[in-house]
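Quick note, the sequences are listed as chains U and L, same order. According to full-length UniProt numbering, the first sequence is numbered sequentially starting from 1. According to full-length UniProt numbering, the second sequence is numbered sequentially starting from 1. One structure is given below, encoded as structure tokens.
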Amino acid sequence: MTDASVSTCFRSLTSLLLKPPATIEVLPGDASIWIPDVEERSRSPFLFTENNLGVPEKELRRSYLFAVPVFSAARKASEFHTLEDPSNHIMSSAIQDLIDSSAVLILMNPAHQTALNARKQLIVRNLIDMGEELKFTAALLSSRHCCKQGELWYHRQWLLRRIYPVPSFPQGLITDMIPDSPNFYLPPNDLSAEIHLVSRACELYPRNYFGWTHRTICILSALVSGRSAASCSGLSLTSPTTVLFITLKHSQRLTEDAESPLLPDRLHLVFGHALTLVRAFPEHETLWQYLRVFWDESDVATAFVTSFVLPLQSPRMTEQESESPSGVQHACRFLEWRNQRLK
Amino acid sequence: MNAVYWGLTALSIMGHGDALDRDEMVDFVMSCWDEEAGAFSAHPDHDAHLLSTLSAIQILLMQNALDRVDIDRVLKFILSLQKPSGVFAGDAFGETDTRFVYCAVNALSLLGKLHTLDVEKTITYIRHCRNFDGGFGHVAGAESHASQVFVCVAALAILDRLDEVDQPTLCWWLSERQRPNGGLNGRPEKLEDVCYSFWVLSALAILDKLAWIDSSKLEAFILSAQDTESGGIADRPGDMPDVFHTIFGLAGLSLLGYPGLVDLDPVYCMPASIIENLGLRKGWKALQRRTS
């Protein structure tokens with residue numbers, strides 16, 4: 001591929017990235033696999049259908065290698081670009097190169113701290129629109145290799161904080177919930193949008209650590225701000241991990257408050273819920289961990305062990321073992337933990 | 001920068017710390033100096049960051065070239081990143097993470113400047129990150145993760161505050177990271193990965209609970225993740241090796257007493273002799289080095 005054609009490919013990619021699309025997918029191989037027609041491929045080696053962008057991996061790599069020196073040069077040049085009145089600035093080619101190249105660098109390497117920082121600086125200088133950047137990051141987070149990266153989730157939280165700064169609350173509420181995290185105050189519709197974004201990311205990559213943390217930050221912000229449960233209505237709390245961490249953190253916080261409405265009978269309901277979850281999904285280790293938090297040696301607990309845990313871990317129950325092999329291991333470990341506790 | 005530190009430490013553990021050209025390495029580290037920030041970046045013309053600054057200090061220490069560092073400026077950079085809650089940001093843009101707490105504490109300790117740190121504020125934040133399962137997350141309220149467990153436990157070890165750890169609960173959780181094939185995972189319902197041979201194992205070594213995992217099964221797992229044609233260790237058997245998993249696989253083997261390796265300090269993840277010479281050794285315990 002000639003330098004001119006690589007440059008054209010790069011510009012084509014950046015124009016598509018910065019639309020921005022609704023989703024982005026990196027496709028294996030090169031453009032010839034996905035766009036057989038040579039003429040069509042020469043116009044653009046990327047797929048763009050109904051606002052969904054498909055980027056063949058080899059074309060992304062070519063564009064990335066082109067973007068690296070462009071970014072470096074643009075970064076140096078933009079440091080000397082002073083703006084006394086941001087609203088009347090004329091976009092210089094260096095600034096545009098910085099915007100374009102950083103977008104490609106981040107798609108290739110979503111943990112590229114320097115490229116992410118450059119975009120933050122451009123946002124601070126009003127050279128990138130925050131709303132457009134939110135859409136761009138949402139598109140990136142629709143891609144599997146991007147949605148795993150903590151740096152990209154943080155970039156989004158940084159944006160949300162700028163768009164929805166925390167209003168004045170009594171001391172010790174939001175900022176104490178997650179100290180020095182980018183807490184923000186999402187309107188209900190935007191909260192739902194963030195939850196949907198995380199759900200989509202977790203479909204791509206289950207046990208998405210940073211995605212779930214982002215979801216926790218969003219929901220805790222809504223809870224602590226004192227808004228009603230209606231703000232959180234429609235949120236699906238069926239994921240074991242969601243149940244585990246959100247309910248636990250909220251429960252732990254409220255049980256520390258002497259005037260908390262979470263009385264012992266509510267804890268009993270949570271314990272019952274935990275037992276139900278383990279019975280339904282014994283292969284999920286996180287649910288066994290959840291159960292341990294509320295475990296209390298009672299008649300109900302003893303009956304659960306006798307009727308469910310002991311048969312599950314018994315090697316004689318081959319049918320149950322074949323249905324849930326990891327459930328057997330979890331049951332064994334649960335019993336070891338319980339025995340240790342009883343000592 | 002991190003990759004250079006991983007590579008150098010891996011070579012050092014195998015007794016070949018001089019396999020790479022020292023001057024070239026030191027020159028590379030110094031080319032990553034960010035004069036504006038007063039710290040080191042991951043690569044020339046990138047932004048300074050706490051992660052790369054720690055790696056730079058570790059590399060220069062191992063290469064006996066710490067005199068090349070403007071310690072006062074690095075100190076100022078590190079301390080400027082601590083937030084009111086005690087957490088550290090990685091850079092001026094404010095992403096906070098318990099990894100950065102560890103980087104700051106480790107770096108200050110290696111530079112002999114730990115006395116400049118607000119220790120109680122730092123410990124208060126780590127305490128906020130402790131979860132019901134004894135583990136620690138990357139921020140307060142986040143899920144327990146073995147790598148975050150390592151950074152919090154190691155930071156507390158440096159600060160002589162292991163009393164902040166719920167040791168029985170945490171060590172139980174760590175021991176449950178071992179999968180049937182002997183490998184370790186980082187949190188429930190994840191696959192085993194060689195790098196957790198370090199994150200989990202080092203935390204257990206610091207808390208003197210290495211006996212709580214099956215060491216021979218783990219050792220066999222790490223060795224099975226080697227690429228016997230091109231060399232190196234991968235995240236799990238059959239995958240492509242990389243420097244990251246090679247260092248942490250070797251680090252795990254060293255802590256397990258694998259013959260022929262050099263002792264590794266699990267708190268600093270550096271050759272133990274260097275840490276001992278600095279007077280920084282803590283009360284961790286590895287398995288005895290086997291002769292064969």
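Heads up, the beta-carbon is just placed ideally off N, CA and C, and yes, glycines get one too.
To the nearest angstrom, report how far apart proline 110 (chain U) and threonine 122 (chain L) are at their CA atoms.
-> Their backbone Cα atoms lie some 29 Å apart in a straight line.
Within chain L, partners of arginine 333 (chain U) - CB distance below 8 Å = Listed along chain L are Glu176, each with a C-beta nearer than 8 Å to that of arginine 333 (chain U).
Tell me which same chain residues have a C-beta within less than 6 Å of the C-beta of lysine 58 (chain U), skipping the five on either side of it?
-> Correct list, in chain order: Asp30.
Are there 16 or more other CB atoms within 10 angstroms of the CB of lysine 343 (chain U), so buried, or fewer, so exposed?
-> Burial call: exposed.
Could you pull out every residue in the same chain whose Cβ sits closer than 8 Å to the Cβ of leucine 156 (chain L), ignoring the five residues on either side in sequence?
-> Ile123, Ile126, Leu162, Glu164 and Val165, listed in sequence order.
Residues within the stretch 135-165 of chain L neighbouring chain U, beta-carbon criterion of under 8 Å = Answer set for the stretch 135-165 of chain L: Gly137, His138, Val139, Ala140, Gly141, Ala142, Glu143 and His145.
Beta-carbon proximity check, tryptophan 212 (chain L) vs serine 175 (chain L), cutoff 7 Å | Contact: yes.
Classify serine 197 (chain L) as buried or exposed, calling it buried when 16 or more other Cβ atoms lie within 10 Å of its own Cβ.
-> When all chains shown are included, serine 197 (chain L) counts as buried.
So, helix, strand or coil for glycine 90 (chain L), using DSSP?
-> Reduced to three states, the DSSP call for glycine 90 (chain L) is coil.
Which term fits asparagine 189 (chain U), buried or exposed, when burial requires 16 or more other beta carbons within 10 angstroms of its beta carbon?
-> Residue environment analysis places asparagine 189 (chain U) among the exposed positions, since fewer than 16 neighbouring C-beta atoms fall within 10 angstroms of its C-beta.
Which class does leucine 264 (chain L) belong to by DSSP, given the choice of helix, strand or coil?
-> Residue state, collapsed to three classes: strand.
Looking only at C-alpha atoms, which of U:Lys19, U:Asp296 and U:Pro56 sits nearest to arginine 341 (chain U)?
-> Comparing Cα-Cα distances from arginine 341 (chain U) to each of U:Lys19, U:Asp296 and U:Pro56, the minimum goes to U:Asp296.
Validate contact between the stretch 325-335 of chain U and the stretch 269-285 of chain U using beta carbons, cut 8 Å, 3 pairs = Proximity of the stretch 325-335 of chain U to the stretch 269-285 of chain U meets the contact definition, three or more beta-carbon pairs being nearer than 8 Å.
Output yes if chain U places a C-beta closer than 7 Å to the C-beta of histidine 46 (chain L); else output no.
-> Yes, its Cβ sits closer than 7 Å to a Cβ of chain U.
Counting only the same chain and skipping the five closest in sequence on each side, list residues whose C-beta sits under 8 Å from that of isoleucine 33 (chain U).
-> Once the five neighbours on either side are set aside, the close Cβ partners of isoleucine 33 (chain U) are Leu27 and Pro56.
Determine the direct distance from the alpha carbon of tryptophan 153 (chain U) to that of cysteine 147 (chain U), and round the result to whole angstroms.
-> If you take the alpha carbons of cysteine 147 (chain U) and tryptophan 153 (chain U), they lie about 8 Å apart.
Please say whether valine 149 (chain L) and phenylalanine 136 (chain L) have beta carbons closer to each other than 7 Å?
-> In terms of Cβ geometry, phenylalanine 136 (chain L) and valine 149 (chain L) form a close pair [threshold 7 Å].
Starting from proline 56 (chain U), follow the beta strand (DSSP E) in both directions and report where the run begins and ends.
-> It spans 52-56 - the beta strand (DSSP E) in which proline 56 (chain U) sits, taken as one unbroken run.
How close, in whole Å, do the beta carbons of glutamate 229 (chain L) and leucine 256 (chain L) come, if the pair is a contact with beta carbons under 8 Å?
-> Approximately 24 Å separates the beta-carbon atoms of glutamate 229 (chain L) and leucine 256 (chain L); this is outside 8 Å, ruling out the contact.
For the beta strand (DSSP E) that glutamate 25 (chain U) lies in, which residues bound it at each end?
-> Taken as a continuous stretch (DSSP letters only), the beta strand (DSSP E) holding glutamate 25 (chain U) covers 23-27.
Mind listing, in chain order, the continuous beta strand (DSSP E) runs of no fewer than 3 residues lying wholly within the stretch 268-339 of chain U?
-> Qualifying beta strand (DSSP E) stretches: none in this window.
Spell out whether any CB of chain U is found under 7 Å from the CB atom of phenylalanine 93 (chain L).
-> Taking CB atoms only, phenylalanine 93 (chain L) has a neighbour in chain U less than 7 Å away.
Can a CB atom of chain L be found closer than 7 Å to the CB of arginine 253 (chain U)?
-> Since pLDDT at arginine 253 (chain U) reaches only 47, below the 50 mark, its modelled position is unreliable, and the value read off the structure follows with that caveat. No, because no Cβ of chain L sits closer than 7 Å to the Cβ of arginine 253 (chain U).
Could you pull out every residue in the same chain whose Cβ sits closer than 6 Å to the Cβ of leucine 66 (chain L), ignoring the five residues on either side in sequence?
-> Around leucine 66 (chain L): Leu60.
Near valine 139 (chain L), what residues of its chain come up, given a Cβ to Cβ distance below 8 Å and the 5 sequence neighbours on each side ignored?
-> If we look at valine 139 (chain L) and ignore the five residues flanking it on each side, its Cβ neighbours are Val87, Thr96, Asp97, Thr98 and Cys129.
Residue range of the beta strand (DSSP E) that includes threonine 114 (chain U) = From DSSP, threonine 114 (chain U) is part of no beta strand (DSSP E) but of the alpha helix (DSSP H) over 113-124.
Which of helix, strand or coil does DSSP assign to glutamine 178 (chain L)?
-> Strand at glutamine 178 (chain L).
6 Å Cβ shell around glycine 232 (chain L) - same chain, five flanking residues per side excluded = In its chain, beyond the 5 residues on either side, Pro241 and Thr246 have a beta carbon closer than 6 Å to the beta carbon of glycine 232 (chain L).
Provide the residue(s) that pair with glutamine 226 (chain L) in DSSP beta bridges, ordered along the chain.
-> Answer is L:Ile233, bridged to glutamine 226 (chain L).
Could you round the C-beta distance between leucine 53 (chain U) and phenylalanine 71 (chain U) to whole angstroms and report it? I think they count as a contact, below 8 Å.
-> Leucine 53 (chain U) to phenylalanine 71 (chain U), Cβ: 20 Å. No contact.
Using a C-beta to C-beta distance shorter than 7 Å, which residues of chain L count as neighbours of glutamine 289 (chain U)?
-> Result: Asp133 and Pro188.
First and last residue of the uninterrupted alpha helix (DSSP H) at leucine 108 (chain L) = Here the alpha helix (DSSP H) through leucine 108 (chain L) covers 98-110.
Work out the CA separation of tyrosine 64 (chain U) and leucine 13 (chain U) for me, nearest whole Å.
-> Distance between the alpha carbons of leucine 13 (chain U) and tyrosine 64 (chain U): 10 Å.
Output yes if chain L places a C-beta closer than 7 Å to the C-beta of serine 15 (chain U); else output no.
-> With 7 Å as the cut-off, serine 15 (chain U) does not count as an interface residue toward chain L.
Chain L residues whose Cβ lies nearer than 9 Å to that of lysine 19 (chain U) = From the beta-carbon of lysine 19 (chain U), no residue of chain L is found nearer than 9 Å; the closest lies around 26 Å away.
With a 10 Å radius around its C-beta and 16 neighbouring C-beta atoms as the bar for buried, classify alanine 4 (chain U) as buried or exposed.
-> Result: exposed.
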